[in-house]
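S.K.: Got a structure for you, written out below as structure tokens; questions coming shortly.
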Amino acid sequence: MPLIAVAQLCSTHHIKTNLLQCTRLVEAAKARGARCIFLPEASDFIGHDSKAAFSLTDSPECASFRQSMRQLAQRCKIDINVGLHERHIDTQGIATNKLSNVLTWFFGDGQEPIDYRKLHLFDVDVPGGPVVKESAWTQPGQAPIPPIDTSIGRVGLAICFDLRFPELAAHLRAQGAQILVYPSAFAVKTGQAHWEVLLRARAIDTGCFVIAAAQCGAHNEKRRSFGHAMVVDPWGEVIARREGDLADEEGLLFAEIDLDRVEQVRRALPLAHRTDIQWTR
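Dropping the structure here:
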């Protein structure tokens with residue numbers, strides 16, 4: 001069974017420092033024999049505000065981060081799934097005043113990387129919690145992408161707030177996904193209430209493994225992430241997690257992906273979806 005590594009990271013506005021930490025995590029995963037490593041949303045940076053995010057995205061260091069991840073995957077011969085930023089480009093090929101929240105799969109064998117752009121943006125006003133309007137500076141993606149064939153199985157890509165939309169998970173499952181990924185930077189308030197429940201629900205909904213890398217700790221004086229990275233099996237059981245003193249610390253967890261378990265659960269609990277009914281309009 002293939003071994004995977006799932007990371008917790010506390011990204012800041014220092015892209016070079018973030019790159020060094022990501023490199024250490026990738027090399028540690030490779031040393032343990034992992035085939036893939038999953039890094040969280042916004043691994044390249046988390047800025048102080050939207051103005052800083054634009055400046056960082058347009059910096060040479062941000063472009064270098066992406067290129068370095070691709071080279072690292074090939075050097076270590078390990079697949080890397082990592083959350084990045086890029087300037088949104090419109091249909092005319094012109095850079096806009098928005099960013100894209102991107103999840104990229106870099107292949108250890110040198111195949112062309114595959115990018116997914118976050119569909120559902122984090123616009124919330126939680127009493128006693130965060131007030132965020134991600135759509136003010138981020139352009140949502142236009143559509144899901146098909147699950148990708150990897151060395152650990154067929155993987156459906158999603159990002160953070162996408163976790164709250166079961167129709168995306170169902171769509172990816174219908175297209176053949178065996179594994180769903182939700183790299184995240186969950187707020188502490190919503191993480192305490194919903195993180196594990198949502199991850200387990202998506203696994204149960206689809207009969208897929210669910211892999212959730214996580215940002216953790218204090219990124220700056222205004223922002224803190226929940227951590228608690230985890231892996232959930234198709235039955236909804238948490239098979240690996242960062243917990244206790246490790247829940248809020250950078251590091252790795254490891255899990256084996258047994259695709260026979262996917263088929264076993266789906267045979268035992270078949271879901272006969274009523275595809276003849278249009279549920280959403």
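Note that this note's numbering gives residue 142 to position 142 of the sequence shown, counting from 1, and the numbers run on in steps of one. All C-beta atoms, glycine included, are put in the ideal place defined by N, C-alpha and C. Owing to the predicted nature of the structure, the values given are computational and were not obtained by experimental measurement.
Hey, which unbroken runs of the beta strand (DSSP E) at 3 residues or more fall wholly within the segment 212-276?
M.R.: DSSP runs (the beta strand (DSSP E)) wholly in the segment 212-276: 214-218, 224-226, 230-232, 238-241 and 251-256.
S.K.: Taking the DSSP output, what are the residues bridged to His85?
M.R.: For the purposes of this step, residue 85 is identified with residue 85 of the sequence shown, where counting begins at 1. Paired residue(s): Asn101.
S.K.: Could you pull out every residue in the same chain whose Cβ sits closer than 8 Å to the Cβ of Ser68, ignoring the five residues on either side in sequence?
M.R.: The residue labelled residue 68 in the question sits at position 68 within the sequence shown. Only Leu19 and Thr23 meet the Cβ criterion.
S.K.: Measure how close the beta-carbons of Arg35 and Ile4 come, nearest whole angstrom, since I'm counting them as under 8 Å.
M.R.: Taking the first residue of the sequence shown as position 1, residue 35 is located at position 35. Taking the first residue of the sequence shown as position 1, residue 4 is located at position 4. Contact flag correct, Cβ pair sits at about 7 Å.
S.K.: Would you decide whether Ser225 is buried or exposed? Buried here means 16 or more other CB atoms lie within 10 Å of its CB.
M.R.: Here residue 225 refers to the residue found at position 225 when the sequence shown is read from its first residue. With 16 or more other Cβ atoms within 10 Å, it is buried.
S.K.: Do three or more CB pairs link the segment 107-127 to the segment 138-153 at distances below 8 Å?
M.R.: The segment 107-127 vs the segment 138-153: in contact.
S.K.: How big is the Cα-Cα spacing for Val82 and Ala42?
M.R.: Translated into positions along the sequence shown, residue 82 becomes position 82. Translated into positions along the sequence shown, residue 42 becomes position 42. Val82 and Ala42: Cα-Cα distance of roughly 8 Å.
S.K.: Could I get the ranges of all uninterrupted beta strand (DSSP E) runs contained in the segment 124-176, with 3 residues as the minimum, in chain order?
M.R.: Within the segment 124-176, the complete beta strand (DSSP E) runs of at least 3 residues are 131-133, 148-150 and 153-157.
S.K.: Return the CA-CA distance between Ala247 and Gln215, expressed in angstroms with no decimal places.
M.R.: Taking the first residue of the sequence shown as position 1, residue 247 is located at position 247. Taking the first residue of the sequence shown as position 1, residue 215 is located at position 215. Roughly 10 Å between the two C-alpha positions.
S.K.: With DSSP collapsed to three states, give me the class of Cys10.
M.R.: To locate residue 10, count along the sequence shown from 1; it is residue 10. Coil at Cys10, not helix or strand.
S.K.: DSSP three-state call for Phe54: helix, strand or coil?
M.R.: Sequence index remark: in the sequence shown, residue 54 carries index 54 (1-based). Here Phe54 sits in helix by DSSP.
S.K.: Keeping to the same chain, check which residues put their C-beta closer than 7 Å to that of Asp90; ignore five residues upstream and five downstream.
M.R.: The residue labelled residue 90 in the question sits at position 90 within the sequence shown. Thr96, listed in sequence order.
S.K.: Could you check if Arg267 is buried or exposed, using at least 16 other CB atoms within 10 Å of its CB as the buried criterion?
M.R.: To locate residue 267, count along the sequence shown from 1; it is residue 267. Arg267 is exposed by the Cβ-count criterion.
S.K.: From Gln21 to His13, what distance separates their C-alpha atoms?
M.R.: On the sequence shown, position 21 is the one that residue 21 refers to. On the sequence shown, position 13 is the one that residue 13 refers to. So the two alpha carbons sit approximately 13 Å from each other.
S.K.: Would you decide whether Thr206 is buried or exposed? Buried here means 16 or more other CB atoms lie within 10 Å of its CB.
M.R.: Here residue 206 corresponds to residue number 206 of the sequence shown, with the count starting at 1. With 16 or more other Cβ atoms within 10 Å, it is buried.
S.K.: Closest by CA to Ala201, which one among Val238, Val155 and Ile152?
M.R.: Residue mapping note: residue 201 aligns to position 201 of the sequence shown, counting from 1. Per the Cα distances, Val238.
S.K.: Taking the continuous alpha helix (DSSP H) assigned at Arg66, which residues delimit it?
M.R.: Reading the sequence shown from its first residue, position 66 is the one you call residue 66. Run containing Arg66: Pro60 to Cys76, per the alpha helix (DSSP H) assignment.
S.K.: Please report the straight-line C-alpha distance between Arg173 and Ile211, rounded to a whole angstrom.
M.R.: Start at 1 with the first residue of the sequence shown, and residue 173 comes out as number 173. Start at 1 with the first residue of the sequence shown, and residue 211 comes out as number 211. Whole-angstrom Cα-Cα distance: 14 Å.
S.K.: Rounded to whole angstroms, what's the CA-CA distance from Gln264 to Val181? Just pull it up for me.
M.R.: By one-based count along the sequence shown, residue 264 stands at place 264. By one-based count along the sequence shown, residue 181 stands at place 181. So the two alpha carbons sit approximately 20 Å from each other.
S.K.: Could you name the residues of the same chain whose beta carbon sits closer than 7 Å to that of Arg87, not counting the 5 residues immediately before and after it, in chain order?
M.R.: Numbered from its first residue, the sequence shown carries residue 87 at position 87. If we look at Arg87 and ignore the five residues flanking it on each side, its Cβ neighbours are Thr57, Asp58, Ala95 and Leu99.
S.K.: Is Leu198 helix, strand or coil by DSSP?
M.R.: Here residue 198 corresponds to residue number 198 of the sequence shown, with the count starting at 1. Looking at Leu198 - three-state DSSP - the assignment turns out to be helix.
S.K.: In the DSSP assignment, what are the bridge partners of Arg24?
M.R.: One-based indexing of the sequence shown puts residue 24 at position 24. Partner(s): none; Arg24 has no beta bridge.
S.K.: Closer than 8 Å by C-beta to Pro166: which residues in its own chain qualify, once you throw out the five before and the five after it? Chain order, please.
M.R.: As a working mapping, residue 166 is identified with position 166 in the sequence shown. Closer than 8 Å at the Cβ level, and outside the excluded window around Pro166, lie Ala201, Arg202 and Asp205.
S.K.: In this structure, how does DSSP classify Thr96 when only helix, strand and coil are distinguished?
M.R.: The residue given as residue 96 occupies position 96 in the sequence shown. Three-state result, Thr96: strand.
S.K.: With C-beta atoms as the reference, is Ala187 less than 8 Å away from Val6?
M.R.: Locating residue 187 in the sequence shown gives position 187, counting from the first residue. Locating residue 6 in the sequence shown gives position 6, counting from the first residue. No.
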